[in-house]
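S.K.: Numbering (the UniProt record's numbering), first residue to last: 1 to 266.
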Amino acid sequence: MSAPLHRYVFRAPLRLRSALHIGSGERGDVVDSPVLKDFLHQPFIPGSSLKGAMRSHLERLLPALGLSTCRLFDPTASCPGADPNGQAAKDLQRRLEPLRQDAAARHDLIRQSVCPMCQAFGSSFNKARVLFADAPLRNPGLPLVETRDGVGIDRDSHRAVDGIKYDYEVVSSYAVFDVEITLEEPDPPTLGIAALGFLELARGHIALGGLTSRGLGKVFIDEGEIEVRGLNLADPNLRREYLKTGRAPLIPNPIGFLVQHAEALA
Ligand SMILES: [Zn+2]
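#1: Suppose only complete runs of 4+ residues qualify. What are the alpha helix (DSSP H) ranges in the segment 82-120, listed by chain order?
#2: Please classify His107 as buried or exposed, where buried requires at least 16 other C-beta atoms within 10 Å of its C-beta.
#3: Could you check the C-alpha separation between Arg111 and Gln119 for me, to the nearest Å?
#4: Note down, in chain order, each residue of its chain lying with its Cβ closer than 7 Å to the Cβ of Val171, except the 5 sequence neighbours on either side.
#5: The beta strand (DSSP E) with Val182 in it runs from where to where?
#6: On a CA-only basis, which of Ile206, Glu185, Pro140, Pro116 is nearest Phe39? Give me that one, please.
#7: Specify the secondary structure class of Ser2 as computed by DSSP and reduced to three states.
#8: Identify the residues that DSSP records as bridge partners of Glu227: which are they?
#9: Given this structure, state the Cα-to-Cα distance separating Lys263 from Gly192, to the nearest angstrom.
#10: Could you tell me whether the segment 49-57 touches the segment 208-223, where touching means 3 or more Cβ pairs closer than 8 Å?
#11: Do you know whose CA, among Asp235, Asp149, Glu225, lies nearest Pro254's CA?
#12: Is Pro63 buried or exposed, if buried means 16 or more other CB atoms sit within 10 Å of its CB?
#13: By the 10 Å Cβ neighbour count, where 16 or more other Cβ atoms means buried, how is Pro188 classified, buried or exposed?
#14: Under the assumption that Arg17 contacts Ser173 (Cβ atoms under 8 Å), give the Cβ distance between them as a whole number of angstroms.
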């Protein structure tokens, strides 16, 4: 029998304390640096932006809490997930080679080899267990995109360059985005890392997008608006509720749940 389905969903409206600039990566016709918009021309926060910001924040925070983690693109890291060209990745690749026919053994070896952060966020060896949905605007239709004037920045010195002007779009601080992350078959460290990351986002400790050094990208979540749903089909009561409603049941006291799992990391 396969393992019972086990899933958590964390959901909340993300609010802004400052304007936000998540660039589309392309130079616009009207503005030099437009913000990313969906096919209805509404700004949104891509799941990959949330994921990247949360992971790099946790990579700095966890060592300060006395927990070990790898850093992405660090070729000297002992975790094979850190850098696909690093020595640890090459060593794991070599150990996986004879297990080509044995998916379960490969899976076990990868699980034992990559660090908890890579277990949660994924690496070149394993799928992520924490999945970040794109966050759509909760209040579409409002005029929430503004254009600002900037000065050109020298790429090497990071200093302002006289005479070069460019303009960029920002999403105004009135915007609210619906954030949702899903945890698939999380083990306790993955649950702890995702819970801590979500709490840090709520507390306003994770900045999003570009131009954060100019004060943009400050976001927070009102703790009272956090919703956590949990589905554990091994539990007969939860199984009955799921069959009745088709949704994972709400977990009472979501903040208590997140804090308890984050604390279990230490
Ligand atoms: Zn790692």
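Each residue gets a CB set at the ideal place from its N, CA and C atoms; glycine is no exception.
From a predicted model like this one, the values you see are computed outputs, not experimental measurements.
M.R.: Taking the coordinates as given:
#1: 87-96, 103-113
#2: Exposed, by the Cβ-count rule.
#3: Rounded to whole angstroms, Arg111 to Gln119 spans 7 Å at the Cα level.
#4: Ala19, Leu20, Val35, Pro43, Leu144, Val145
#5: Correcting the residue identity first, residue 182 is Thr in this sequence and not Val. From DSSP, the beta strand (DSSP E) with Thr182 extends over 176-184.
#6: Pro140
#7: With a pLDDT of only 48 at Ser2, under the threshold of 50, the placement of this residue in the model should not be trusted, and no figure is reported.
#8: Glu227 has Arg11 as its beta-bridge partners, per DSSP.
#9: The question names Lys, but residue 263 is Glu in the sequence shown. When rounded, the distance between both Cα atoms is 7 Å.
#10: yes
#11: The option with the nearest alpha carbon to Pro254 is Glu225.
#12: exposed
#13: exposed
#14: 7 Å
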